[in-house]
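Inspection log for the structure reproduced underneath, given as structure tokens.
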Amino acid sequence: MNLQTETSVPDWGPFGRPLFDDPGARALSRIGVVDVGSNSVRMVVFDGAARSPAYFYNEKIMCALGAGLAETGRLNPEGRVRALAALRRFQHLADDLDLPPLRVVATAAVREAADGADFCAEVKRETGLVIQVIDGEEEARLSAQGVLLGWPGAYGLICDIGGASMELAEIGSGQVGRRLTSPLGPLKLRDVPGGRRGRKAHIKQVMNDLRAQLGPQRDRLFLVGGSWRAIARVDMLRRNYPLKVLHEYRMTVRDVHETARYIERADLDKLRSKAGVSASRMALVPYAIDVLARLIREFKPKDIAISSYGIREGLLYEQMPQRLRDRDPLIEACYFAESKDARLPGFGKQLFEFVMPLFKSAPRPRVRLIKAACLLHDVSWRAHPDYRAEVCFDNVTRANLGGLKHSERVFIGLALQHRYRNKREGNRFEPIYALLDDKSQTQAEILGKAMRFGAMLWLKRDARMGRLHWYPKKRKLELHLPQEAAPLFSEVAEARFQSLVSALGATSEVFIEE
1 MNLQTETSVP DWGPFGRPLF DDPGARALSR IGVVDVGSNS VRMVVFDGAA
51 RSPAYFYNEK IMCALGAGLA ETGRLNPEGR VRALAALRRF QHLADDLDLP
101 PLRVVATAAV REAADGADFC AEVKRETGLV IQVIDGEEEA RLSAQGVLLG
151 WPGAYGLICD IGGASMELAE IGSGQVGRRL TSPLGPLKLR DVPGGRRGRK
201 AHIKQVMNDL RAQLGPQRDR LFLVGGSWRA IARVDMLRRN YPLKVLHEYR
251 MTVRDVHETA RYIERADLDK LRSKAGVSAS RMALVPYAID VLARLIREFK
301 PKDIAISSYG IREGLLYEQM PQRLRDRDPL IEACYFAESK DARLPGFGKQ
351 LFEFVMPLFK SAPRPRVRLI KAACLLHDVS WRAHPDYRAE VCFDNVTRAN
401 LGGLKHSERV FIGLALQHRY RNKREGNRFE PIYALLDDKS QTQAEILGKA
451 MRFGAMLWLK RDARMGRLHW YPKKRKLELH LPQEAAPLFS EVAEARFQSL
501 VSALGATSEV FIEE
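And the structure:
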């Protein structure tokens, strides 16, 4: 993350000011992209804080354009009709939404088919849309940029699997490195002769060649693509994993091998129903899992992460100036949520400064989460008071946020839950708490109770709200209040302060300053 800040504007820490009010960011505030893939055609309209956009609209049609391509050399005729209808619809939607011109890209199926150029010409005649047909290396680059949208500091190997191809790309230091493409898409693998034995031999041969070109890859493996996400859903089912969020879901090499055996033994119709995977996608999973099993044997990654961000997000990242790319997607999203939904936008800054004395020794990644929680502390105020704590936890743990591990989602969610409720026992989220270690759960509780108390000290903007002094060796917490804030320290505020003191296992003293 770039820590340089603009000297001409006020700043309050290493994260700088939000950029969603910047003209360059506003230019990206609502744009549409279309991905014409070998298996599906999807339109996404991005909206909101440009560095961490929300999905204003997201529609996918499973056209299977690449089905039978290996045998016929042409696009699937039925899929072609469906794809054209989908693109016609998408153009109408773009017109109705008053979007800038849609950015449309096509990948392996259209690229390789003998009638691919004819299809593009037909689309232009019928809809006015101009399809950019990209090669495999460009597809790999855009997918890798999509990963960088969600993980600015990501490093390792990206593997994007589509219907007719599989791409690899190295990333590190915010840059995309070497890129390779291969014919290991599930739709093509269905047509490999020799049954499963012949298919696995083909996969091994191609993967050996890829490894020879890229060399050993001992870092993280990022998986991009619908077939990988379907496998992750099955892995979640097998493990009884409590948080059903695919982005940043982690698997080990052992998990992949166990899930491969689980899929091999399963009735696919029953499995897809339990895992929430469509029939068309589940039909490709047995081919994709063979590819993944060989991939991890060859490259031996240290761990595996699912990325919900890919080529479409890469197209958005492509249009960002560097100053936007350098921002933290989590903090930008939280800034945007506060400005849009909080009762007192900007108070999150004061609250962050108020609670930070409790976390002087916190490492930078934890400080980042503390800041995010403070920015979000009031965005769910419209929820019914009886359910506000649950709504906060649910919103954060399941939100479309980039730059967050699952354990970090739980930390912020738990802190916000304690922002509205003293205790967390006896609710439906208890299995999810296990994703966070005991020490982090305690810190989240302390943060939540500090925010709960600090929210009682609202004053006019830029007024002093008091200071906390924490002496961890003495286990003593002091509250220093300015004279104008003293009336706010009433019975309820005092009870919340004592709840914070109790969570710290401390003694306390209150000072009213002249």
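Under full-length UniProt numbering, the first residue of the sequence shown carries the number 1, and numbering increases by one thereafter. Yeah, the Cβ is synthetic: ideal placement off N, Cα and C, and Gly gets one too. All values reported here derive from a predicted model rather than from experimental measurement.
Return the chain-ordered list of same chain residues with a C-beta closer than 6 Å to the C-beta of Y57, the five sequence neighbours on each side being excluded. V45
With DSSP collapsed to three states, give me the class of S508. Assigned with DSSP and collapsed to three states, S508 falls in strand.
With DSSP as the reference, please indicate the residues paired to Y55 in a beta bridge. F46
Helix, strand or coil at H384 [DSSP, three-state]: coil
Distance, Cα to Cα, I263 vs R239? When only Cα atoms are considered, I263 and R239 end up about 13 Å apart.
Among L477, R196, S499 and R218, the one whose alpha carbon lies nearest that of F453: S499
Using a Cβ distance threshold of 8 Å, determine whether the region 431-450 contacts the region 477-492, with at least three qualifying pairs required. no
State the CB to CB distance for the pair L148 and Q217, rounded to an integer number of angstroms; the pair is presumed to be in contact (CB under 8 Å). In fact, because the Cβ distance is near 17 Å, the residues do not count as touching under 8 Å.
Would you call D267 buried or exposed, if buried means 16 or more other Cβ atoms sit within 10 Å of its Cβ? D267 comes out exposed.
Which residues share a DSSP beta bridge with M251? I304
Taking the beta strand (DSSP E) that A106 belongs to, which residues open and close that run? R103 to A106
Could you give the DSSP three-state label for L435: helix, strand or coil? coil
Alpha carbon to alpha carbon, what distance is there between L102 and residue 518? A query on residue 518 cannot be resolved here, the shown segment of the chain reaching from 1 to 514 and no further.
Opening and closing residue of the beta strand (DSSP E) in which L157 lies: G156 to I161
Using DSSP with H/G/I as helix, E/B as strand and the rest coil, what is V285? helix
Span separating the alpha-carbon of G505 from that of E445: 12 Å
What's the call for D21, buried or exposed, on a 16-neighbour Cβ count within 10 Å? Residue placement at D21 cannot be trusted, given a pLDDT of 48 that sits under 50; what the coordinates show is reported in the next sentence. When all chains shown are included, D21 counts as exposed.
Give me, in chain order, the residues of the same chain whose beta-carbon lies closer than 6 Å to that of S339; leave out the 5 immediate sequence neighbours on both sides. P345
Do you know how far the Cα of G198 is from the Cα of residue 515? Residue 515 is absent from the structure shown; the chain starts at 1 and stops at 514.
Along the alpha helix (DSSP H) that carries G79, what are the first and last residues, could you check? P77 to D96
Quick one: Cα of A288 to Cα of S38, how far? 14 Å
Would you say P357 and W458 are within 7 Å of each other, going by their C-beta atoms? no
Using 8 Å as the Cβ pair cut-off and three pairs as the minimum, do the region 435-445 and the region 182-194 touch? Put simply, the region 435-445 does not touch the region 182-194. Fewer than three CB pairs are less than 8 Å apart.
What is the residue span of the beta strand (DSSP E) that D115 lies within? Looking at the DSSP string, D115 is not in any beta strand (DSSP E), and its letter there is neither H nor E.
Near P431, what residues of its chain come up, given a Cβ to Cβ distance below 8 Å and the 5 sequence neighbours on each side ignored? Around P431: P242.
State the start and end residues of the unbroken alpha helix (DSSP H) segment that holds G413. According to the DSSP assignment, G413 belongs to the alpha helix (DSSP H) that extends over H406 to Y420.
Report yes if the CB atom of C159 is closer than 7 Å to the CB atom of L246, and no otherwise. no
So, using beta-carbon positions, are K188 and A164 closer together than 7 Å? yes
If you follow the alpha helix (DSSP H) that L189 is in, where does it begin and where does it stop? P186 to L189
With H, G and I counted as helix, E and B as strand and the rest as coil, what does DSSP make of A164? coil
Might you give, ordered along the chain, the residues of its own chain that have their beta carbon closer than 7 Å to the beta carbon of A389, omitting 5 neighbours on each side? Around A389: Q417, Y420 and R421.
What span of residues does the beta strand (DSSP E) with K476 cover, start to end? K476 to P482
For W470, which residues does DSSP report across the bridge? L477
Which partner residues of L221 appear in the DSSP bridge assignment? Under DSSP, the beta-bridge partners assigned to L221 are L157 and I304.
On a Cα-Cα basis, can you pick out the residue from K360, A232 and G162 that is closest to I311? If you compare the alpha carbons of K360, A232 and G162 with that of I311, the shortest gap goes to G162.
If you measure between the beta carbons of I134 and V105, is that distance less than 7 Å? yes
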